[in-house]
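Take a look at the structure below.
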Amino acid sequence: MDNSIYRCPLLQYSSTDLPTSSLLPTVTAQDSPFGDASDLDLLSSLAYRRSDLDDGVINAILYFPSHYPVHYYPSMGLFDWLPRFILEDILLDVDLMTLVRCRELNSRAEALIDDITTYRRLRQSAGNAVAALLCSGAASFFSTRYVYSLMVLTSACNTCGQFGGFLFIPQGVRCCMYCLLTRPEFLPMSKHTAKRVFWLSETAFRDGSIPVMEGLSGLYGLHERRAVSRKRLFVSVALVKEKAAKNLTPRMVQQMENVENIDDEHNANAGMAYEFEDPRSVVHATHLTRLQCAVPFPFVDIFAAGPIIQTGISCRGCKQVATWVPYMFSAEKKRRAIEMELRMYTEDDFLEHIKGCEVAQQLWKKVICEAVNGEKVDPSISPSST
Numbered sequence: 001m002d003n004s005i006y007r008c009p010l011l012q013y014s015s016t017d018l019p020t021s022s023l024l025p026t027v028t029a030q031d032s033p034f035g036d037a038s039d040l041d042l043l044s045s046l047a048y049r050r051s052d053l054d055d056g057v058i059n060a061i062l063y064f065p066s067h068y069p070v071h072y073y074p075s076m077g078l079f080d081w082l083p084r085f086i087l088e089d090i091l092l093d094v095d096l097m098t099l100v101r102c103r104e105l106n107s108r109a110e111a112l113i114d115d116i117t118t119y120r121r122l123r124q125s126a127g128n129a130v131a132a133l134l135c136s137g138a139a140s141f142f143s144t145r146y147v148y149s150l151m152v153l154t155s156a157c158n159t160c161g162q163f164g165g166f167l168f169i170p171q172g173v174r175c176c177m178y179c180l181l182t183r184p185e186f187l188p189m190s191k192h193t194a195k196r197v198f199w200l201s202e203t204a205f206r207d208g209s210i211p212v213m214e215g216l217s218g219l220y221g222l223h224e225r226r227a228v229s230r231k232r233l234f235v236s237v238a239l240v241k242e243k244a245a246k247n248l249t250p251r252m253v254q255q256m257e258n259v260e261n262i263d264d265e266h267n268a269n270a271g272m273a274y275e276f277e278d279p280r281s282v283v284h285a286t287h288l289t290r291l292q293c294a295v296p297f298p299f300v301d302i303f304a305a306g307p308i309i310q311t312g313i314s315c316r317g318c319k320q321v322a323t324w325v326p327y328m329f330s331a332e333k334k335r336r337a338i339e340m341e342l343r344m345y346t347e348d349d350f351l352e353h354i355k356g357c358e359v360a361q362q363l364w365k366k367v368i369c370e371a372v373n374g375e376k377v378d379p380s381i382s383p384s385s386t
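In UniProt numbering, the protein residues as written are 1 to 386.
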């Protein structure tokens, strides 16, 4: 079986891709500034769920596409002769689209596939992501086993290593919102443009090594939301470059250098120098295409006492700092403030983060002051108070 169906060459990230220590909050070796406060109190007071990020990408897909009506027929034919565990392994190793279509053959196939623990957990925990893969056609490139392993084995963004609460469909990897908006690894391109720029024929896309997805119509954006009705086929620029690099010609080398320059210019304007543009805006069309290629994707901790679904939480302190961006003069401080505001955490990582977040600690002091004295305190903090 072709391993490209469920393995992506860019799944792992290297240590050189991790952010430098200067971009991370400083955690000092001292006693906890929160005293003996319980984890539940800290989470309820200082953390919040970023539903606006989920709304900015592919969302609200409430159905699974059906191709055939399910007929009552209590048999899988010759497959019923196989041991149950072998049959399940076969079904989990075929691509997700084939599995769903097989489920629609008859009532026996439907009952058998619904009883597979891996498929059932994937559909229950990440049903929206599975529906997005099916509706976009990308499910033909990933097996159920691969998507499930991505859901339960790692919560890290493929480039920065922080919590990645989204699935970048053209690569089939996790990403965080900041990397999705700014990193060249998550830059999509229409299939038509990729064939023209990199001199690739249709044959190059037939081996399944480059997933192709159809953009879904809907509303996309973070601060501003725009309607997108035009449907296009998207591919990952990073994977197309890797494919084209195997058959280089001088003309293709020049084309690839031109695309590299475009990526660098876009990152300089939209992802690095915030003197010019906030990456959360939708000024550039490339922001919308990036958001069109991502879907919320939870992390499921199956090794806990009971499976725990982590969708990611954010810090109220970092949210407060992001409101001061218009008053900051340093582009690096603006970049860091917006990066931290977009970052999400698991519960354990969040409890570690707030130990080094001074603004979160000040917000906690105000919460304690209100609880002890019964005073009504403004939860916001001015820049001068820090």
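Just so it is clear, CB atoms sit at the ideal spot from N, CA and C, and this is done for glycine as well.
Quick check on the DSSP output: the beta strand (DSSP E) that includes residue i runs from which residue to which?
| i | result |
| --- | --- |
| leucine 187 | Where leucine 187 is concerned, there is no enclosing beta strand (DSSP E), given that its DSSP letter is neither H nor E. |
| isoleucine 309 | 308-310 |
| valine 300 | 299-301 |
| tyrosine 220 | 218-220 |
| valine 147 | Where valine 147 is concerned, there is no enclosing beta strand (DSSP E), although the alpha helix (DSSP H) it sits in stretches over 144-153. |
Kindly indicate the opening and closing residues of the alpha helix (DSSP H) around residue i.
| i | result |
| --- | --- |
| cysteine 179 | 177-182 |
| phenylalanine 350 | 347-353 |
| alanine 227 | Premise fails: alanine 227 lies in the beta strand (DSSP E), 226-228, not in any alpha helix (DSSP H). |
| glycine 56 | 51-56 |
| valine 237 | 237-244 |
| valine 321 | 316-322 |
| alanine 111 | 107-114 |
Please confirm whether residue i and residue j have their CB atoms less than 8 angstroms apart.
| i | j | result |
| --- | --- | --- |
| phenylalanine 168 | cysteine 176 | no |
| threonine 117 | arginine 145 | no |
| valine 130 | methionine 189 | no |
| leucine 200 | lysine 243 | yes |
| valine 57 | phenylalanine 166 | yes |
| serine 143 | aspartate 95 | yes |
| phenylalanine 198 | valine 152 | no |
| proline 211 | alanine 126 | no |
| leucine 87 | phenylalanine 79 | yes |
| methionine 340 | glycine 312 | no |
Grab me the residues of residue i's own chain with a C-beta within less than 8 angstroms of its C-beta, minus the 5 sequence neighbours each way, in chain order.
| i | result |
| --- | --- |
| leucine 351 | Asp39, Leu42 and Leu43 |
| leucine 82 | Ile90 |
| alanine 337 | Cys318, Val321, Ala322, Trp324, Val325 and Met328 |
Applying the 10 Å Cβ sphere with the 16-neighbour rule, what's the burial state of residue i?
| i | result |
| --- | --- |
| phenylalanine 329 | exposed |
| threonine 203 | exposed |
| phenylalanine 327 | This sequence places tyrosine at residue 327; phenylalanine is not what is there. Burial call: exposed. |
| phenylalanine 141 | buried |
| serine 229 | exposed |
| residue 387 | The structure shown does not extend to residue 387, since the chain is modelled only from 1 through 386, so no value can be given for it. |
| cysteine 369 | exposed |
| alanine 304 | exposed |
| serine 51 | exposed |
Kindly list the residues whose CB is nearer than 6 angstroms to the CB of residue i, restricted to its own chain and excluding five residues on each side of it in sequence; keep chain order.
| i | result |
| --- | --- |
| arginine 183 | Thr159 |
| alanine 273 | Here alanine 273 scores only 33 on pLDDT, less than 50, and its place in the model should not be relied on; the value that follows carries that caveat. These residues qualify, in order along the chain: Ala331. |
| tyrosine 148 | Thr118 and Leu122 |
Using CA atoms only, rank isn't needed, just tell me which of the options is closest to residue i.
| i | options | result |
| --- | --- | --- |
| aspartate 54 | His223, Cys357 and Ile338 | His223 |
| methionine 178 | Ser125, Met76 and Arg290 | The sequence given here places tyrosine at residue 178; methionine does not occur at that position. Closest option to tyrosine 178, Cα to Cα, is Arg290. |
| residue 387 | Ala227, Phe198 and Cys135 | Examination of residue 387 is not possible in this model, given that the chain is present from 1 through 386 alone. |
| methionine 76 | Arg336, Phe166 and Arg108 | Arg108 |
| arginine 123 | Ile309, Ala337 and Val240 | Ile309 |
| tryptophan 364 | Val152, Met344, Thr154 and Gly317 | Gly317 |
| cysteine 157 | Leu342, Phe141, Asp115 and Ile113 | Leu342 |
| asparagine 59 | Tyr48, Leu96, Val100 and Leu133 | Leu133 |
| valine 217 | Arg225, Ala37 and Ala337 | Before going on, a small fix: residue 217 reads as serine here, not valine. For the residues Arg225, Ala37 and Ala337, the minimum Cα distance to serine 217 belongs to Arg225. |
| valine 173 | Lys191, Pro296 and His353 | Pro296 |
| cysteine 315 | Thr346, Leu87 and Phe303 | Thr346 |
| proline 74 | Asp349, Asn106 and Ser45 | Asn106 |
| glycine 215 | Arg196, Leu150 and Lys191 | Lys191 |
| threonine 98 | Asp348, Asn128 and Ile113 | Ile113 |
| aspartate 348 | Ser155, Gln361 and Gln362 | Ser155 |
Report all residues from its chain with a CB closer than 7 angstroms to the CB of residue i; omit the five preceding and five following residues, and keep chain order.
| i | result |
| --- | --- |
| cysteine 293 | Phe168, Ile169, Pro170, Pro188, Met213 and Phe234 |
| threonine 227 | Contrary to the premise, residue 227 reads as alanine rather than threonine in this sequence. If we look at alanine 227 and ignore the five residues flanking it on each side, its Cβ neighbours are Leu219. |
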